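Trainee: One structure is given below, represented as structure tokens, and several questions about it will come after.
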Amino acid sequence: MKSTVIVTRSQGDVEPDPLMRVLHQKGIDAVHIPLVQQRAIHVDVTSIELERYDWIIFTSANAVKYFHDHYKATHFPSSVKVATVGKKTADVAKHYDYPVLINPEQRFTAESLYEELEPRVKKGDRVLIPNSKQSRDLLETKLTGLGARVDVHAFYETIPSTNLTRDQLSMLNNPIYPWCLRVRVR
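Take the sequence shown: its letter number 36 is residue 116 in this note's numbering, and every next letter is one higher.
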């Protein structure tokens with residue numbers, strides 16, 4: 081009996097899912113059934129003056145994309161330093177010509193980004209973190225503890241997928257798929 085892997089994470093708006101590509105390259109039958117999707121949140125960007133910030137921190141490629149969707153007609157201030165979590169996030173930021181100064185090379189987590197930011201963020205620095213409505217507050221908490229003035233604005237949210245086909249629902253409800261496997265591809 082041939083097994084099929086069901087990948088349930090969001091496809092994302094930025095690039096094709098690398099997990100699906102790797103599974104297919106290895107000859108594994110994989111089906112993409114995203115159970116969540118991202119949706120933009122309206123942000124009044126007139127109240128967010130980019131030039132007032134010392135740092136902008138992007139914690140995901142989607143954060144970069146939705147931030148850029150709001151600011152694409154705006155000149156990005158050259159005085160603002162940009163930090164990102166992970167290669168994919170840095171690549172998307174660079175695609176939009178945001179000058180990435182800090183991007184942890186080893187671990188792609190908020191914790192590792194904070195380790196790189198800690199010696200560079202000064203008391204009184206203004207930090208903007210555009211993120212998801214469901215994001216953790218680790219960076220905000222730790223940077224505030226250093227004396228930085230941190231503003232967090234949700235530019236998107238993750239919501240349940242509502243457009244699953246009958247075949248996809250059938251596959252998900254099939255008792256042949258009694259377990260889930262979490263795989264991380266970098």
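Beta carbons are placed, not taken as given, at the ideal position from N, Cα and C, and that holds for glycine. The structure displayed is predicted, hence computed values, not measured ones.
Using only the alpha-carbon positions, how far apart do H148 and Y176 sit?
Mentor: Answer to the nearest angstrom: the Cα atoms are 7 Å apart.
Trainee: Would a C-beta distance cut-off of 8 Å place A143 and N211 closer than the cut-off?
Mentor: Yes, these two residues count as a Cβ contact at 8 Å.
Trainee: From which residue to which residue does the beta strand (DSSP E) around Q118 run?
Mentor: Looking at the DSSP string, the run of the beta strand (DSSP E) that includes Q118 is 116 to 120.
Trainee: Taking the beta carbon of P258 as the centre, do at least 16 other beta carbons fall within 10 Å, making it buried, or is it exposed?
Mentor: Note that P258 has pLDDT 47, beneath the 50 cutoff, so the model's placement of it is unreliable and the number below is only indicative. So P258 ends up on the exposed side.
Trainee: Let me make sure I understand the geometry here. Which of I86, T84, S90, S83 has the alpha-carbon closest to that of T242?
Mentor: Closest option to T242, Cα to Cα, is S90.
Trainee: For the candidate residues L208, A170, I128, L226, whose alpha-carbon lies nearest to that of T154?
Mentor: Of the listed residues, the one whose Cα sits closest to T154 is I128.
Trainee: Excluding the five sequence neighbours on either side, which residues of its own chain have a C-beta within less than 6 Å of the C-beta of H233, listed in chain order?
Mentor: Cβ neighbours of H233 beyond the five flanking positions: V123, P210.
Trainee: Under 8 Å, with one C-beta from each stretch per pair, do the stretch 195 to 205 and the stretch 166 to 174 reach the 3-pair mark?
Mentor: No, the stretch 195 to 205 is not in contact with the stretch 166 to 174.
Trainee: Under DSSP, the beta strand (DSSP E) around S212 begins and ends at which residues?
Mentor: That run of the beta strand (DSSP E) goes 206 to 212.
Trainee: Based on the DSSP secondary-structure assignment, which residues constitute the bridge partners of Y236?
Mentor: Partner(s): A120, S212.
Trainee: I'd like to know if the stretch 97 to 110 and the stretch 132 to 140 are in contact, where contact means that at least 3 CB-CB pairs between them fall below 8 Å.
Mentor: Verdict: no, contact absent.
Trainee: Go through the stretch 109 to 186 residue by residue and report every complete run of the alpha helix (DSSP H) that reaches 4 residues or more, in order.
Mentor: Taking only runs of at least 4 residues, the alpha helix (DSSP H) segments lying wholly in the stretch 109 to 186 are 141 to 151, 167 to 175.
Trainee: Which residue from V165, L249, E198, L103 puts its Cα closest to that of F188?
Mentor: The candidate whose alpha carbon is nearest that of F188 is V165.
Trainee: Could you pull the DSSP bridge partners for V85 from this structure?
Mentor: DSSP, once it has assigned bridges, lists A110 as partnering V85.
Trainee: Using a Cβ-Cβ cutoff of less than 6 Å, which residues in the same chain neighbour A228 once the five nearest sequence positions on both sides are dropped?
Mentor: For A228, where only same-chain residues beyond five positions count, the Cβ hits under 6 Å are V201, D205, V207.
Trainee: Can you name the residues that DSSP bridges to R229?
Mentor: R206, per the DSSP bridge assignment.
Trainee: Look at Q118 and T245 and say whether their C-beta atoms are less than 8 Å apart.
Mentor: Going by C-beta atoms, Q118 is not nearer than 8 Å to T245.
Trainee: Tell me which residues share the same chain as P157 and place their Cβ nearer than 6 Å to its Cβ, disregarding the 5 neighbours each side in the sequence.
Mentor: Cβ within range, chain order: L130, E131.
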